[in-house]
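Residue numbers (the numbering used here): 507 to 704. We treat Cβ as the ideally placed atom computed from N, Cα and C, and that holds for glycine. It should be emphasised that the depicted structure is a prediction, and the values quoted were computed from it without experimental measurement. For reference, the structure discussed in these notes is given below.
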């Protein structure tokens, strides 16, 4: 079937998919890295071990079961389902944030506690702003990665084509798409390249 949507719609889907997806994929490792580094107990040790195990274990062939699970939960082909799927902390970015927060001085939190700050206030007003450079670096890398991704939208968001999905589909498979003309394809490629160049 031809790609449904024009260049504006595909660009909007791409910004939603890449922008919010990268935010979810960056915030969750940062949040869990902070909690596991600041609160040393059996639970944080167990979560750290789980992350190491998941990173070291090759998981192959999980996509069909993931799609079946998302269909049964009625989250398949929805941005909400994709953002929930992206909100995981079992990746190397967890280790980066964990090491950063572990290396920070506890004097910040002790001084804030003396002044009456809550644990949430300490996290969001002191420690997370200190990690802003790392956060935006990870976010930028993930944003570019998701911006270029065409296989995930093709499998998990078939009715919401991103620019990369539409360009790939029309170049290799589809002859009846509204992206098929050379001028439209070139315009889509230029729009597609702008965030990467920036």
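Excluding the 5 residues preceding and the 5 following residue 507 in the sequence, name in chain order all residues of the same chain whose CB lies nearer than 6 Å to its CB. Your numbering for residue 507 matches position 1 in the chain shown. Unreliable placement is indicated for residue 507, whose pLDDT of 47 sits below 50; no coordinate value is reported for it.
Does the stretch 510-523 come close enough to the stretch 631-644 that 3 or more CB-CB pairs lie under 8 Å? no
In chain order, what are the residue ranges of uninterrupted alpha helix (DSSP H) at least 4 long that sit wholly in the stretch 582-665? 585-592, 598-609, 613-620, 625-628, 638-654 and 657-662
Within 10 Å of its beta-carbon, does residue 703 have 16 or more other beta-carbons around it, so buried, or fewer, so exposed? As a working mapping, residue 703 is identified with position 197 in the chain shown. Residue 703 is classed as exposed because its beta carbon has fewer than 16 other beta carbons within 10 Å across all chains shown.
With contact counted as at least three CB pairs below 8 Å, one residue from each stretch, are the stretch 533-546 and the stretch 666-676 in contact? Under the 8 Å Cβ criterion, the stretch 533-546 does not count as touching the stretch 666-676, having fewer than three qualifying pairs.
Just verifying my parser: in three-state terms, what is the DSSP assignment at residue 545? By one-based count along the chain shown, residue 545 stands at place 39. Residue state, collapsed to three classes: coil.
How is residue 527 classed by DSSP in three states: helix, strand or coil? For this step, residue 527 is matched to residue 21 along the chain shown. The answer is helix: DSSP assigns residue 527 an H, G or I state.
Please classify residue 628 as buried or exposed, where buried requires at least 16 neighbouring CB atoms within 10 angstroms. Position 122 of the chain shown, counted from the first residue, corresponds to residue 628. Residue 628 should be labelled buried.
So the alpha helix (DSSP H) residue 564 belongs to, where does it begin and stop? On the chain shown, residue 564 is found 58 positions in, with the first residue counted as 1. Taken as a continuous stretch (DSSP letters only), residue 564 belongs to no alpha helix (DSSP H), as it is neither H nor E.
What do you reckon, are the CB atoms on residue 535 and residue 595 nearer than 8 Å? For the purposes of this step, residue 535 is identified with residue 29 of the chain shown, where counting begins at 1. For the purposes of this step, residue 595 is identified with residue 89 of the chain shown, where counting begins at 1. Going by C-beta atoms, residue 535 is nearer than 8 Å to residue 595.
Would the beta-carbon of residue 516 fall within 8 Å of that of residue 589? Taking the first residue of the chain shown as 1, we reach residue 516 at position 10. Taking the first residue of the chain shown as 1, we reach residue 589 at position 83. Contact: no.
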